[in-house]
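**Q**
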Amino acid sequence: MKNRPQNILNQNTAYYKEIYKQIDQKLLDLLDTPVIRTYHIGSTAVESAYTSGIIDILVFVNRLHEITTLDEKRLNLLGFYRLHHPYKKKCVFAQFDNLKTLNERIRLHVVEQNSKKSRDYLDGHALIAKNTIPYNQFKQNLNESLTLKQYEDEKSSWFRKSLSV
Numbered sequence: 006m007k008n009r010p011q012n013i014l015n016q017n018t019a020y021y022k023e024i025y026k027q028i029d030q031k032l033l034d035l036l037d038t039p040v041i042r043t044y045h046i047g048s049t050a051v052e053s054a055y056t057s058g059i060i061d062i063l064v065f066v067n068r069l070h071e072i073t074t075l076d077e078k079r080l081n082l083l084g085f086y087r088l089h090h091p092y093k094k095k096c097v098f099a100q101f102d103n104l105k106t107l108n109e110r111i112r113l114h115v116v117e118q119n120s121k122k123s124r125d126y127l128d129g130h131a132l133i134a135k136n137t138i139p140y141n142q143f144k145q146n147l148n149e150s151l152t153l154k155q156y157e158d159e160k161s162s163w164f165r166k167s168l169s170v
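Residue numbering for the sequence shown follows my numbering, beginning at 6 and increasing consecutively.
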């Protein structure tokens, strides 16, 4: 089982922002793209937040079923591969450092524009940006031996609890 990536203090916001801009342009330049807009979200977008270095990009489409097989193939050509998990009301694509280790570099979270899921993502990002210290404390207190799935589940739970307050 794959262990979670190591968290470091984000002091490379400009670097991550530049990569985000390049991916944003590529997504918007796809022929007949269903992509309406994108946002750089998560800890790589927030200076001094603890980050695993995975660049999270929120991708808005009108309807999820617009991400067709053709769009998936186009994303494959850009190095993004769909993650097939039981996601609710979103599609997730990842770009990996290589196809042996499958360590993620960039993650696309494709959601419908103006949906509850899109608002939750934007609210979650605002939570990190405005409350970096509690977020960092949460991440520092996570058990080092958690698998990637356990780590992601813990993060999701923290966001749900923090956003419901």
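Glycine residues also receive a C-beta, built at the ideal position from the N, C-alpha and C atoms. Keep in mind the model is a prediction, meaning the values are calculated, not measured.
Could you say which of S150, I138, L147, H130 lies nearest to F164 if we only look at CA atoms?
**A** For F164, the nearest C-alpha among the options comes from H130.
**Q** If you draw a straight line from the C-alpha of L132 to the C-alpha of L168, how long is it?
**A** Between L132 and L168, the C-alpha separation is close to 8 Å.
**Q** Using the C-alpha atoms, what's the distance from L107 back to L153?
**A** The alpha-carbon atoms of L153 and L107 are separated by roughly 12 Å.
**Q** Does DSSP put H45 in a helix, a strand or coil?
**A** In the structure shown, H45 sits in a strand (DSSP, three-state: E or B).
**Q** In the DSSP assignment, find the unbroken alpha helix (DSSP H) run with Q80 in it and report its ends.
**A** Checking the displayed sequence, the identity of residue 80 turns out to be Leu instead of Gln. Note, L80: alpha helix (DSSP H), 74–82.
**Q** Measuring straight from C-alpha to C-alpha, what distance separates D29 and G47?
**A** Those two C-alpha atoms are separated by around 15 Å.
**Q** When the Cα atoms are used, what is the spatial distance from V116 to D61?
**A** For V116 and D61, the distance between alpha carbons rounds to 13 Å.
**Q** Note down the Cα distance separating Y140 from H114, rounded to an integer number of angstroms.
**A** One C-alpha to the other measures close to 20 Å.
**Q** What first and last residue would you give for the beta strand (DSSP E) that runs through L113?
**A** Segment 109–117, the beta strand (DSSP E) holding L113.
**Q** Would you decide whether Q100 is buried or exposed? Buried here means 16 or more other CB atoms lie within 10 Å of its CB.
**A** Q100 comes out buried.
**Q** Taking the alpha carbon of A134 as the point to measure from, which residue in N81, Y156, H45, Q145 has its own alpha carbon closest?
**A** Among N81, Y156, H45, Q145, the Cα nearest to that of A134 is on H45.
**Q** Pop quiz: I111 and C96 are said to be a contact at Cβ under 8 Å. What is the actual Cβ separation, rounded to whole angstroms?
**A** Between C96 and I111 the Cβ distance is about 15 Å, and since that is not below 8 Å, they are no contact.
**Q** Flag this pair as yes or no: are the beta carbons of F65 and S123 separated by less than 9 Å?
**A** Yes, they are a contact pair.
**Q** Grouping DSSP H, G and I as helix and E and B as strand, with all else coil, what is A54?
**A** The answer is coil: DSSP assigns A54 none of H, G, I, E or B.
**Q** Below 8 Å on the Cβ atoms is my guess for A54 versus N15; work out the distance and round it to an integer in Å.
**A** About 5 Å; that satisfies the 8 Å criterion.
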